[in-house]
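Down below is the structure, laid out as structure tokens.
Chains as they are written, first to last, in the working numbering: chain A, 695 to 1061; chain B, 695 to 1061.
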């Protein structure tokens, strides 16, 4: 069992990573202050892991709350089901919510914990690679609004994160790849050496090699924890974690939540950010191509949907949370391992990126 | 113009109290960091004060958001209208929400600010006595749930509170009385000398004497600010501010939100708390009667609805936020000016309170 500490003063918390973590009752008990526990999960994860988790929590009074699966349900109506169940079972302010599932379950459970009786404890038990390396670390919680993704939410930290890497054995390969998009992102924005390691180990990760997974997850969490500790509420540096996300959110919004996986949209968005960084003269063409090739080898899309026009991107990106005083800010790379957040770029570089034939670029780079 | 500072470290903020505060542009401008402002109000307050406030904010880009009036609309559906308007007008993370109205508008706007893009600034401009002395100070925000009042919300502090006491001239007298319930509460829980002052000045307050109002509002805000500064997230002492509220919430829930005003329910609930404190041998009968008489003189109900049974109270109070590990805690008085929060009382005292004939008690005390 490995353990990382996210340093956030009185809101600091540990991340436990290991095989079989789900069965280790003590990991949970140390972070539950009352008698009541609500396990929030979905109808895909529940049959796989709910019973095992409930066994580890056998000393507590447990309310299981099973939501419908999918990003399309990351809305107020579904969140309301959590509040209904908590109030129906009379959970008080000392209750602890446990999020058992992927990023959607984690984001919704965290936001429910932030709002229920003005704030109760919660623990993250992420069961997808994406949520293990990204959404369970850092305290961003929330739901979608018809006019924008993650527009309603809170910064709210868990008491602990328990990552059982065995849960990845039941994860569809498409979702494993989606998680790798965020892992690769950490290399691109912050750690060129890790990027080299990923180029070497990408096939073992896809084959679920336990040692490789443990290493990749731990290094990803360490990078994210470092960045979050430096800037909890995203006043500055934390925004670099959103490499590819502004382009990616536009793809998700345009295609309808749930059609492209978040990690898939981020992968295509990252390629767009790499291309734009190259157009600004910051990133060498061969480095852009290293990024594209690695994402492609990880089983990810490296071009946005053919049907999306430059106008579609402009329109969707105008409501991004990184827009300040009407000015769009983007995460771009000065070089591999070094990201910046900036609104200070030539508009032609953005327009040129929107107009790029990414399908042709993929063909050229990944052939 | 008087000014009080609520001391909460980096979340500290000023409360400005005076005649004509609504027109003083500089009071607002000092606490607005971007260009965008959204004024959230309701269809009763908007015709009275929206245009004046917009004039004071003439340097900013203003989105007015007018909600239906009333506690019955303090729900997610109405909150959603705020998010729809903010996203529709592309408000970014540097926007400032301004709550112009009573407690419902303040609670909903504060919660909207807490959640919109995971947190933006807001300013309270309370236009009712209740919201001026209570809900605009302390950072409690939220909405109701069909199974309980204020069950969904956040602790979220405003950047400033601007109280224009002239707005009380358009307040219905029933709502003025409802506000006095909270003013009297401050005397009962914390300041016996203020209680004596209120017994002397209650008629001038009802007659809207400006000097008396300024004094009563300032002293109430000072007491609340002190208690909140000592315990922002209600881990302990802050709960004394809820004198009469647990009984009162049961009345509001039972009668349906909006049938009894919050202050009216608190007044009747306070009488129940006074009676229970007497039954425990803590409060002298003559002190209980002083409280009842003052509430009655302020135009407030001093008995719960005749139709509510002891079972109704038991059932509704079981989901109160002050229930911990299944144990009901109540705010009671050890003597006038000295409140405690305790779950340590004889159950017979609570049962006896539920069974008391408060209509007869009123007749006896206020005759």
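Even glycine gets a Cβ: it sits at the ideal position worked out from N, Cα and C.
{"query": "Kindly identify the DSSP beta-bridge partner or partners of residue 657 of chain B.", "result": "The structure shown does not extend to residue 657 of chain B, since chain B spans only 695 to 1061, so no value can be given for it."}
{"query": "List the residues of chain A whose Cβ lies closer than 9 Å to the Cβ of residue 777 of chain B, in chain order.", "result": "839, 841, 845, 846"}
{"query": "Assuming residue 743 of chain B contacts residue 803 of chain B (C-beta within less than 8 Å), just tell me the rounded distance between them.", "result": "The pair is not a contact, with the Cβ atoms about 15 Å apart (cut-off 8 Å)."}
{"query": "Out of curiosity, what's the CA-to-CA distance linking residue 764 of chain A and residue 798 of chain A?", "result": "7 Å"}
{"query": "Determine which residues of the region 748-779 of chain A have a Cβ less than 8 Å from any Cβ of chain E, and write them out in chain order.", "result": "In the structure shown, chain E does not exist; the protein chains are A and B."}
{"query": "Are three or more beta carbon pairs between the region 1031-1042 of chain B and the region 943-960 of chain B nearer than 8 Å?", "result": "no"}
{"query": "Determine the closest residue to residue 818 of chain B out of B:1039, B:832, B:948, with distance taken between C-alpha atoms.", "result": "B:832"}
{"query": "What residues from chain B crowd round residue 849 of chain A, counting only those whose CB sits closer than 8 Å?", "result": "812, 813"}
{"query": "Can you name the residues of chain A whose CB is closer than 8 Å to the CB of residue 808 of chain B?", "result": "848"}
{"query": "Hey, is residue 797 of chain B's beta-carbon within less than 8 Å of any beta-carbon in chain A?", "result": "no"}
{"query": "Do residue 933 of chain B and residue 946 of chain B have their beta-carbon atoms positioned less than 8 Å apart in this structure?", "result": "no"}
{"query": "Thinking C-alpha only, which one of A:928, A:1012, A:1027, A:965 is nearest residue 977 of chain A?", "result": "A:1027"}
{"query": "Name the residue from A:780, A:730, A:825 whose alpha carbon lies nearest to the alpha carbon of residue 840 of chain B.", "result": "A:780"}
{"query": "Do residue 847 of chain A and residue 834 of chain A count as a contact pair if the criterion is CB distance below 8 Å?", "result": "yes"}
{"query": "Please confirm whether residue 781 of chain A has its beta-carbon closer than 8 Å to some beta-carbon of chain B.", "result": "yes"}
{"query": "Counting only the same chain and skipping the five closest in sequence on each side, list residues whose C-beta sits under 6 Å from that of residue 969 of chain B.", "result": "1047, 1050"}
{"query": "Can you check whether the C-beta of residue 834 of chain B is within less than 8 Å of a C-beta belonging to chain A?", "result": "yes"}
{"query": "Residue 733 of chain B to residue 795 of chain B, Cα distance in whole Å?", "result": "10 Å"}
{"query": "Rounded to whole angstroms, what's the CA-CA distance from residue 740 of chain B to residue 746 of chain B? Just pull it up for me.", "result": "10 Å"}
{"query": "Report the CB separation of residue 995 of chain A from residue 961 of chain A in whole angstroms; it is logged as a contact under 8 Å.", "result": "6 Å"}
{"query": "Where are the alpha helix (DSSP H) runs, 4 residues long or more, that stay fully inside the region 778-855 of chain B, in chain order?", "result": "797-809"}
{"query": "Is the beta carbon of residue 715 of chain A closer than 8 Å to that of residue 856 of chain A?", "result": "yes"}
{"query": "Across which residues does DSSP place residue 751 of chain B in a beta bridge pair?", "result": "Answer is none; residue 751 of chain B lacks a bridge partner."}
{"query": "To the nearest angstrom, report how far apart residue 1012 of chain B and residue 788 of chain A are at their CA atoms.", "result": "15 Å"}
{"query": "Cβ atoms of residue 1059 of chain B and residue 983 of chain B: under 8 Å apart, would you say?", "result": "yes"}
{"query": "Suppose the cutoff is 8 Å on Cβ atoms and the five residues either side in sequence are ignored; what does the same chain contact list for residue 986 of chain A look like?", "result": "965, 968, 996, 1055, 1056, 1059, 1060"}
{"query": "Might you give, ordered along the chain, the residues of its own chain that have their beta carbon closer than 6 Å to the beta carbon of residue 845 of chain B, omitting 5 neighbours on each side?", "result": "839"}
{"query": "Under a three-way DSSP split, which group does residue 718 of chain B fall into?", "result": "coil"}
{"query": "Would you kindly report the start and end of the unbroken alpha helix (DSSP H) that includes residue 762 of chain B?", "result": "Looking at the DSSP string, residue 762 of chain B is not in any alpha helix (DSSP H), and its letter there is neither H nor E."}
{"query": "Inspect the CB distances between the region 695-714 of chain A and the region 850-864 of chain A and report whether three or more fall short of 8 Å.", "result": "yes"}
{"query": "So, are the CB atoms of residue 860 of chain B and residue 713 of chain B less than 8 Å apart?", "result": "yes"}
{"query": "Using a threshold of 8 Å, state whether the C-beta atoms of residue 1025 of chain B and residue 892 of chain B are closer than that.", "result": "no"}
{"query": "Take residue 826 of chain B and list the residues in its own chain whose beta-carbon comes closer than 6 Å to its own, dropping the five residues that flank it on each side.", "result": "820, 857, 911"}
{"query": "Smallest Cα separation from residue 756 of chain B: which of B:726, B:872, B:903?", "result": "B:726"}
{"query": "Please classify residue 881 of chain B as buried or exposed, where buried requires at least 16 neighbouring CB atoms within 10 angstroms.", "result": "buried"}
{"query": "Near residue 878 of chain B, what residues of its chain come up, given a Cβ to Cβ distance below 7 Å and the 5 sequence neighbours on each side ignored?", "result": "892, 988, 989, 992"}
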